[in-house]
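J.:
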Amino acid sequence: MHRSFRSVAMGSEQKLTLRRAALQALECANALEKVQLVHAIAEDLPLGEMEVLESAVGRPQRPELVHPSRVPTRKLAHPEGRGILLHSLAHIEFNAINLALDLLVRFPEMPPQFYVDWLKVAKEEAYHHTLLCSRLAALGLSYGDYLAHDGLWQMAEKTKGSLLARLALVPRLLEARGLDVSPAIREKLAVVGDTESAEVLDIILRDEIGHVTIGNRWFNEICHNESRDPIEAFETCLREYTAPQPRSPFNFKARAQAGFSEEELAWLMQVELEQSAQ
Numbered sequence: 001m002h003r004s005f006r007s008v009a010m011g012s013e014q015k016l017t018l019r020r021a022a023l024q025a026l027e028c029a030n031a032l033e034k035v036q037l038v039h040a041i042a043e044d045l046p047l048g049e050m051e052v053l054e055s056a057v058g059r060p061q062r063p064e065l066v067h068p069s070r071v072p073t074r075k076l077a078h079p080e081g082r083g084i085l086l087h088s089l090a091h092i093e094f095n096a097i098n099l100a101l102d103l104l105v106r107f108p109e110m111p112p113q114f115y116v117d118w119l120k121v122a123k124e125e126a127y128h129h130t131l132l133c134s135r136l137a138a139l140g141l142s143y144g145d146y147l148a149h150d151g152l153w154q155m156a157e158k159t160k161g162s163l164l165a166r167l168a169l170v171p172r173l174l175e176a177r178g179l180d181v182s183p184a185i186r187e188k189l190a191v192v193g194d195t196e197s198a199e200v201l202d203i204i205l206r207d208e209i210g211h212v213t214i215g216n217r218w219f220n221e222i223c224h225n226e227s228r229d230p231i232e233a234f235e236t237c238l239r240e241y242t243a244p245q246p247r248s249p250f251n252f253k254a255r256a257q258a259g260f261s262e263e264e265l266a267w268l269m270q271v272e273l274e275q276s277a278q
């Protein structure tokens with residue numbers, strides 16, 4: 001249930017901080033209101049970086065969340081197929097808003113730039129969600145009209161106790177997967193004549209490269225501070241959290257732009273070779 005900001009605060013006169021404003025948006029269960037709250041967060045608010053906050057994600061009653069096998073699929077040549085695809089993408093972006101907000105709220109005592117970075121991500125994810133909802137509206141649809149699954153947020157729940165694992169397995173694994181698949185989805189939309197949706201995918205890919213860059217930056221910062229090799233740390237997180245293995249084909253150009261090192265790209269090339277041989 002969505003709680004008002006004042007019920008979250010320790011007192012009715014609790015000073016508003018950037019992280020408390022993010023908490024208010026995170027807890028909001030109305031998708032449209034959540035987007036509005038994210039865009040309303042002022043970058044010049046005091047951060048409140050030392051405060052430990054209890055976070056709870058708010059989500060609308062619809063879409064109904066089911067096992068991935070129950071989420072419908074249709075060919076993109078049919079308008080319903082495009083609607084289902086766009087709904088799936090809108091759901092991913094809605095989850096991405098919550099993921100960025102949760103990073104802001106859940107992990108205190110980080111450098112100020114950490115919170116600045118993830119607020120930027122949250123605002124851009126909210127923009128993406130709005131763009132996709134507009135494309136749904138053009139087809140006479142709304143977010144919530146189709147079933148959806150909860151894989152992205154389930155990983156957030158699994159990694160809530162470790163910032164290193166969260167950065168490894170959400171921006172660097174699951175969200176980086178978007179860099180790999182977005183160009184092909186974009187071309188399929190263009191082929192069936194949906195140039196407006198294809199252009200939205202162009203915007204999302206551009207911004208998501210920046211989001212994965214931010215995830216890489218903070219992951220590498222933590223690895224440096226803990227004297228850990230990034231590839232070793234990533235492989236350890238994959239095992240310890242029973243995460244899905246990276247799947248080829250990989251968009252090496254976009255991943256390089258997003259800050260994956262030459263060593264990491266070589267590791268992914270080896271993964272691709274092994275998977276193609278299977």
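Heads up, the sequence shown is in our numbering, so the first residue is 1 and it goes up one at a time.
Idealized CB from N, CA, C, for every residue including glycine.
1. Out of curiosity, what's the CA-to-CA distance linking residue 240 and residue 165?
2. Per DSSP, what kind of secondary structure is residue 277 in: helix, strand or coil?
3. How about residue 215 and residue 167: do their beta carbons lie closer than 7 Å?
4. Check whether the Cβ atoms of residue 180 and residue 250 sit closer than 7 Å, and answer yes or no.
5. For the candidate residues 243, 225, 265, 191, whose alpha-carbon lies nearest to that of residue 76?
6. Thinking just about the alpha-carbon of each residue, which of 244, 196, 88 is nearest to the one in residue 149?
7. Out of 264, 277, 108, 126, state which residue places its alpha-carbon closest to the alpha-carbon of residue 20.
8. Could you confirm whether any beta carbon from chain B is found closer than 7 Å to the beta carbon of residue 205?
9. Determine the burial state of residue 32: buried for a count of at least 16 other Cβ atoms within 10 Å of its Cβ, exposed for fewer.
10. Run the CB neighbour count on residue 275, radius 10 Å, all protein chains shown included, and call it buried at 16 or more, exposed below.
11. Measure the beta-carbon distance from residue 155 to residue 90 and round it to whole angstroms, keeping in mind my assumption that it falls under 8 Å.
12. Would you give the residue range spanned by the alpha helix (DSSP H) that residue 133 belongs to?
13. Using 8 Å as the cut-off, can you tell me whether the region 92-107 makes contact with the region 64-74, which would need three or more C-beta pairs spanning the two stretches below that distance?
14. Determine the burial state of residue 278: buried for a count of at least 16 other Cβ atoms within 10 Å of its Cβ, exposed for fewer.
15. Can you give the beta carbon distance from residue 255 to residue 176, rounded, assuming they're within the 8 Å contact cut?
16. With a threshold of 8 Å, are at least 3 pairs of Cβ atoms found where one atom belongs to the region 126-136 and the other to the region 47-60?
17. If contact is defined by three or more beta carbon pairs under 8 Å, each pair taking one atom from either stretch, is the region 231-238 in contact with the region 120-127?
18. Looking only at its own chain, which residues have a Cβ that is under 7 Å from the Cβ of residue 217, when we skip the five neighbours before and after it?
19. Got a sec? Which residues, its chain only, sit under 8 Å from residue 18 by beta carbon, not counting five neighbours each side?
20. I need the DSSP call for residue 89, collapsed to helix, strand or coil.
21. According to the Cβ coordinates, are residue 59 and residue 100 closer than 7 Å?
22. In three-state terms, what does DSSP make of residue 243?
23. For residue 168, which of helix, strand or coil comes out of DSSP?
24. Check the DSSP bridge columns for residue 148 and list the partner residues they point to.
25. Which residue from 205, 206, 84 puts its Cα closest to that of residue 144?
26. What residue from 147, 185, 79, 183 has the CA that sits closest to residue 138's CA?
27. Counting along the chain, where does the alpha helix (DSSP H) carrying residue 213 start and finish?
28. Considering only residues of the same chain and omitting the five flanking positions on each side of residue 25, which have a CB-CB separation below 6 Å?
29. Measuring only the C-alpha atoms, how far is residue 16 from residue 27?
T.: The structure says:
1. Locating residue 240 in the sequence shown gives position 240, counting from the first residue. Locating residue 165 in the sequence shown gives position 165, counting from the first residue. If I take the Cα positions, the gap works out to 9 Å.
2. One-based indexing of the sequence shown puts residue 277 at position 277. The answer is helix: DSSP assigns residue 277 an H, G or I state.
3. As a first step, residue 215 must be located in the sequence shown, where it is residue number 215. As a first step, residue 167 must be located in the sequence shown, where it is residue number 167. Yes.
4. To locate residue 180, count along the sequence shown from 1; it is residue 180. To locate residue 250, count along the sequence shown from 1; it is residue 250. The answer is yes: Cβ separation under 7 Å.
5. In the sequence shown, counting from the first residue as 1, residue 76 sits at position 76. Check the Cα spacing between residue 76 and each of 243, 225, 265, 191: the tightest is with 191.
6. Start at 1 with the first residue of the sequence shown, and residue 149 comes out as number 149. Considering only alpha carbons, the answer is 88.
7. Locating residue 20 in the sequence shown gives position 20, where the first residue counts as 1. With distances taken between Cα atoms, residue 20 lies closest to 108.
8. The question asks about chain B, but that chain is absent: this structure has only one protein chain.
9. Looking up residue 32 in the sequence shown gives position 32. Exposed is the call here.
10. As a working mapping, residue 275 is identified with position 275 in the sequence shown. Result: exposed.
11. Here residue 155 refers to the residue found at position 155 of the sequence shown. Here residue 90 refers to the residue found at position 90 of the sequence shown. Contact flag wrong, Cβ pair sits at about 19 Å.
12. Within the sequence shown, the letter at position 133 stands for residue 133. Unbroken alpha helix (DSSP H) run through residue 133: 112-138.
13. Contact between the region 92-107 and the region 64-74 is not established, with fewer than three Cβ pairs separated by less than 8 Å.
14. As a working mapping, residue 278 is identified with position 278 in the sequence shown. Counting Cβ neighbours within 10 Å, residue 278 comes out exposed, since fewer than 16 surround it.
15. As a first step, residue 255 must be located in the sequence shown, where it is residue number 255. As a first step, residue 176 must be located in the sequence shown, where it is residue number 176. Correct: roughly 7 Å between the Cβ atoms.
16. no
17. no
18. Taking the first residue of the sequence shown as 1, we reach residue 217 at position 217. The answer, listed in chain order, is 259.
19. Position 18 of the sequence shown, counted from the start, is the residue given in the question as residue 18. The answer, listed in chain order, is 41, 42, 43, 45, 46, 47, 48, 104, 115, 119.
20. For the purposes of this step, residue 89 is taken as residue 89 along the sequence shown, with counting starting at 1. If DSSP states are grouped into helix, strand and coil, residue 89 belongs with the helices.
21. Counting from 1 along the sequence shown, the entry for residue 59 is found at position 59. Counting from 1 along the sequence shown, the entry for residue 100 is found at position 100. Their beta carbons are not under 7 Å apart, which means residue 59 does not touch residue 100 by this criterion.
22. By one-based count along the sequence shown, residue 243 stands at place 243. Note: residue 243 maps to coil in three-state DSSP.
23. Walking along the sequence shown from the start, residue 168 turns up at place 168. Correct three-state label for residue 168: helix.
24. Here residue 148 refers to the residue found at position 148 when the sequence shown is read from its first residue. In the DSSP assignment, residue 148 forms a beta bridge with 65.
25. The residue labelled residue 144 in the question sits at position 144 within the sequence shown. Nearest neighbour of residue 144 by Cα position, chosen from 205, 206, 84, turns out to be 84.
26. Here the question's residue 138 lines up with position 138 in the sequence shown. Selected option, being the one with the closest Cα: 79.
27. By 1-based counting over the sequence shown, the position of residue 213 is 213. Start and end: 195-225.
28. What you label residue 25 is simply residue 25 of the sequence shown in a count that begins at 1. Only 34, 37, 38, 101 meet the Cβ criterion.
29. In the sequence shown, counting from the first residue as 1, residue 16 sits at position 16. In the sequence shown, counting from the first residue as 1, residue 27 sits at position 27. So the alpha carbons of these two residues sit roughly 15 Å apart.
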